[in-house]
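Protein chains: 2
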Amino acid sequence: MTDKLRIVPLGGLGEVGKNMMSIEYGRNIIVVDAGIMFPESDMLGIDYIIPDWGYLRDKKDLVRAIVITHGHEDHIGALSHFLEDFDVPVYATRLTQGLIEVKLKRRRPPEPPTLHTYASGDVINIGPFTIEPYHVCHSIPDGVGLGITTPAGLIVHSGDFKFDHTPVDGWSTDYAKLAEFSGRGVLALLSDSTNSGTPGNTPSEAMLDAAFHQVMREAPGRVIVATFASLISRIQQVVDVAAEHGRKIAIAGRSMADNTKMARKLGYLDIPEGVLVTLDEIKKLPARETVIMATGTQGEPTAVLSRLAVGRHRSLRIREGDTVVFSSHTIPGNEELIHRVVNRLFQRGADVYYDPLSPVHVSGHASQEEQKLLINILRPRCFIPIHGELRHLKQHGKIARQLGIPDENVAIVENGYPLTFDDGQLEIGERVPGGYVFVDGALVGEIGPAVMRERDELGQNGFMTAIVPYKRQTGRPAGQPRIITRGFIFAPESEALLSRAQDIVRSAASVKPGTAPGEVEEKVEQALAGFLRRETRRKPVVTSVVVEA
Amino acid sequence: MTDKLRIVPLGGLGEVGKNMMSIEYGRNIIVVDAGIMFPESDMLGIDYIIPDWGYLRDKKDLVRAIVITHGHEDHIGALSHFLEDFDVPVYATRLTQGLIEVKLKRRRPPEPPTLHTYASGDVINIGPFTIEPYHVCHSIPDGVGLGITTPAGLIVHSGDFKFDHTPVDGWSTDYAKLAEFSGRGVLALLSDSTNSGTPGNTPSEAMLDAAFHQVMREAPGRVIVATFASLISRIQQVVDVAAEHGRKIAIAGRSMADNTKMARKLGYLDIPEGVLVTLDEIKKLPARETVIMATGTQGEPTAVLSRLAVGRHRSLRIREGDTVVFSSHTIPGNEELIHRVVNRLFQRGADVYYDPLSPVHVSGHASQEEQKLLINILRPRCFIPIHGELRHLKQHGKIARQLGIPDENVAIVENGYPLTFDDGQLEIGERVPGGYVFVDGALVGEIGPAVMRERDELGQNGFMTAIVPYKRQTGRPAGQPRIITRGFIFAPESEALLSRAQDIVRSAASVKPGTAPGEVEEKVEQALAGFLRRETRRKPVVTSVVVEA
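The listed protein sequences derive, respectively, from chains A and B.
According to the numbering used here, the first sequence is numbered sequentially starting from 886.
According to the numbering used here, the second sequence is numbered sequentially starting from 886.
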């Protein structure tokens, strides 16, 4: 390894560099973030996806630390898996550490990890890197971007950010630090591209107050506000407005309750005595004096909101007069699920407020004008759009070029492509091996593309298996074949088809005396698949087992 | 049946009354539209969905006609199935009949149907109903709304509509007819709710000209415009702009080519000589002088655009310098698929324009101010929001109440709920039986909820089948059990798990001598499922077959 600065966004799917990034110089690597990806809707049965860090595995000795920008799932969700493979210290801000600890309680790494708390303004030296976290506004408190001074120059990693002049916690982005970086000269800016398709500025969190006041004032009964379990600032906002309208608050959903407790303890949530009550207590109060906060804004079937929508919550029922507020954005791919939940809540008599119909959510990511502002404050030599799909990065790249960054200094790459800086020249290397890893129950990485293809086929068309007793000596079936089928047709109503399938199987299993069972199985599968295709124009997964009698 | 006017929106899924509606008086029924629904992404393997008209089947003699509002799939796509069950005349405008004929060529009903062409301004008497189709603007030419005079009063069915003052075909909505209806007094308005969440007015189709001019002028090479195969006005628009910039046009995709040919023949498309060429001819022209129109804006894997995105089109390849325009809206649920195609086109070097990033599409449906305009022109006694999910209807209902329609005269119902008018009083009846029917290859209705649940389970976790040779006399396995598994784990890499599974099966099949095979199968399935759940925390579909030796 020559002494060059090298940056590799990792994780094969979706948003570039969002879930993990490797920053390397000489024999030193720091990793930024370890988050999960959400499965796309055709990735059947997958709980979540983690980056494939196989590329780092044979460089294990070189990894010095993992540095976390903020406490969202797509930045910390894979940390427990990562720490199983890499015994390195974790750097994060106080609230982020709190969220990490809540997570690590559920899935403990083999060794208790070394957690270092850092804060905006700190200066941390790790090998040849000097890391300066600086505060950014985002849809979670205590998020940071990173200034990373390397022997090749200063790079700035924006984290997930927006410029909010009136954030709920009163703590705006650290402009002074950005200006200081700019004064020192920035080799490269890696910047959040999520909203590069949105013109203008992202509205401030403060904008939501008006909408919440209106809802709390006008709602004739209970108000149920759903949001992400980690959106601490939204919880604060709802608490403040609810208290003003004389409403008490209860929290439904374990992850949100855990996070609230932790954030209160660390001083990131300010809830006056008596405002927060239990679910049991809130049920005894007049409906007009209550607010329930819940999870499930993405239509996740097991979350509180979906249970309410189908009438399957342990202790709560939606009733006429309830008002439900979805204070969240839609993670792409979840539209159908969410709309289904919304429709069902209406069906049960609730009134429902949701984005974009009502101003009950703002994005946590910079829009085009804020993206331009960051570029113009820092005036970096090179620009690398990150945190977005290719389409977002392309758009962000256009923006950077509009601001005068020369074409050859803008690098748009997908995950796995290393960027090297050689004497200030930006080069794109060959893709490193690796991609992503499916997590499915206790199976981590056991599920690969072959299994996913089979799930897809099974989900589309089901299967049919023929079991044939067979006498090799005569080359004839030794009894009636059995046929099992699931997910293809409704068997009790398809007797005629199944009995013809049996005939096909019998005749395919009538062969030259002495034929080997394996050969008969192949013949049976071919004949059966062909028959089903002709009859139904479908292709179920067909297998057969020949049992020698 | 007493002599009351009765309206029943049919089809159990999604948008109310969009795909089919039954309008009844005495012993007379007319059906409005016969469209398909698109499967939601968790409806695995389903090609499309048609309304369940079982409720009409025992009223077969009463059905007098089917009346079509316009030629979109969700209004005509189920017609060939409907005509297999109901031998009734079809009323539609000329272009809509053309589109129907193209469809019926692919799936012929048993009897050649009786097609009646009607036009905006016609007056048609069917039993006690007098039907007056009137022209509306929508994202397809020759669409109509319906004035239907019944013995109970005049009802107006808006069809799918917007108010466009500068439509591509120069033919605006028939305001005069609406005013005339209003003068006569309208008992009930049934109105399109699709965009009831969108404030303001939907922009005119003419608005797109500027964007298309810009693309055709600036694109350094080929321009590929993708849109719906039936969006004849968009094809016209692209032809006009392309011709001005000296570009020739070819059409890729059979359905769009068929529709273009038909619309040209009927005079709904005006393409100057020499502008339309074949795909082979266009490949010989300089890239800057060409436009290709294609289908596949929803990310459908077999459509032209998806084939281009993955490099699998028969004769075309995407190359650096190509510009691709998605001139279409996103059907909810298709976001992921579409973004995948967009990202892949970028990957292959194309520049991509898509909604909402670029103004290359406008909706075909009225926004809030247009919805208000229709209500205020007609001043109906009763208001029934249709063509939308429950959440859209609720919003549209709010709008109607804001305009002074009394609460008791606004009926928000889901599909299957009959509305009766008794002396001008609007009543909601008991839900009629029925819902929707899955179409899966040649299987129409054979796939029910049981099979869909199995597909879901198989897709999530795959299956494992154990085949056990068994001697009843001894109550022992008569040989090594065989295990087949698909979509669960990758078998070659999971030998240890599979061999332990075999042990479990063997021991579960070791029972009291004389135990019946059925009982053994049950024992094996329970033991195997329990083992897999404990080991992997997953629940594949487990079956077993015991073969007596």
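For each residue, glycine too, the CB sits at the ideal point set by N, CA and C.
- With a minimum length of 4 residues, the unbroken runs of alpha helix (DSSP H) contained wholly in the stretch 1113-1145 of chain B fall at 1117-1129.
- Around the C-beta of Q1411 (chain A), fewer than 16 other C-beta atoms lie within 10 Å, and the residue is accordingly described as exposed.
- The contact set of E925 (chain B) on chain A, defined by CB atoms closer than 7 Å, consists of E1221 in chain order.
- In this structure M906 (chain A) is in contact with L895 (chain A), their Cβ atoms being roughly 7 Å apart against a cut-off of 8 Å.
- The Cβ atoms of S1118 (chain A) and H1272 (chain A) do not sit closer than 7 Å to each other.
- Shown here, N1228 (chain A) sits in a helix according to DSSP, grouped into three states.
- The residue among B:R1266, B:Y940, B:K1424 with its C-alpha nearest the C-alpha of G1319 (chain B) is B:Y940.
- From the beta-carbon of G1333 (chain B), the residues of chain A found nearer than 9 Å are F1375, E1378.
- When the beta-carbon positions are compared, L1230 (chain A) and V1247 (chain A) stay at least 7 Å from each other.
- Three or more Cβ pairs closer than 8 Å define a contact, and the stretch 1162-1176 of chain A falls short of that threshold against the stretch 1057-1073 of chain A.
- Among the bridge pairs identified by DSSP, H966 (chain A) is matched with none.
- If you keep only unbroken beta strand (DSSP E) runs of at least 3 residues inside the stretch 948-998 of chain B, you get 948-952, 975-977.
- Exposure of A1004 (chain B) is indicated by the presence of fewer than 16 other C-beta atoms within 10 angstroms of its C-beta.
- In the three-state reduction of the DSSP assignment, A1393 (chain B) falls in the helix class, which pools H, G and I.
- Between N1300 (chain B) and G902 (chain B), the beta carbon gap of about 7 Å places them in contact (Cβ cut-off 8 Å).
- The shortest CA-to-CA distance from T1083 (chain A) to any of A:I1177, A:R1202, A:E1255, A:Q1232 is the one to A:E1255.
- The C-beta of T1035 (chain B) comes no closer than 7 Å to any C-beta of chain A.
- Nearest CB-CB separation between K944 (chain A) and chain B: not below the 7 Å threshold.
- When the beta-carbon positions are compared, I1120 (chain B) and G1184 (chain B) stay at least 7 Å from each other.
- Between R1422 (chain A) and G962 (chain B), the C-beta spacing is not below 7 Å.
- Apart from sequence neighbours up to five positions away, the residues of its chain that approach Y1302 (chain A) with a beta-carbon distance below 6 Å are I1313, R1316, ordered along the chain.
- At a cut-off of 7 Å between C-beta atoms, F1231 (chain A) counts as an interface residue with respect to chain B.
- Taking C-beta atoms as the reference points, L1275 (chain B) and N1228 (chain A) count as a pair closer than 7 Å.
- Comparing alpha-carbon positions, the option among B:T1359, B:Q1387, B:V1390 lying closest to K1397 (chain B) turns out to be B:T1359.
- DSSP, read as helix, strand or coil, puts N904 (chain A) in coil.
- Per the DSSP secondary-structure output, I1271 (chain B) pairs in a beta bridge with B:D1077.
- Nearest neighbour of T954 (chain B) by Cα position, chosen from B:I931, B:D1045, B:H1050, turns out to be B:D1045.
- Segment contact: the stretch 906-918 of chain B against the stretch 1359-1376 of chain B, fewer than three CB-CB distances shorter than 8 Å; contact not assigned.
- For R1132 (chain A) and H1023 (chain A), the gap between their C-alpha atoms comes out near 27 Å.
- Within chain B, the C-beta atoms nearer than 8 Å to that of H1224 (chain A) come from P1217, E1274, R1276, in chain order.
- With respect to G1372 (chain A), G1347 (chain A) sits close: the two C-beta atoms are nearer than 7 Å.
- Here A1381 (chain A) is exposed, its C-beta having fewer than 16 other C-beta atoms within 10 Å.
- For D1325 (chain B), the chain A residues whose C-beta falls within less than 7 Å of its own C-beta are R1423, listed in chain order.
- Across the structure, D943 (chain B) and Y976 (chain B) are spaced so that their CA atoms are roughly 23 Å apart.
- In this chain, the alpha helix (DSSP H) harbouring D1094 (chain A) covers 1093-1103.
- Burial of Q1122 (chain A) is indicated by the presence of at least 16 other C-beta atoms within 10 angstroms of its C-beta.
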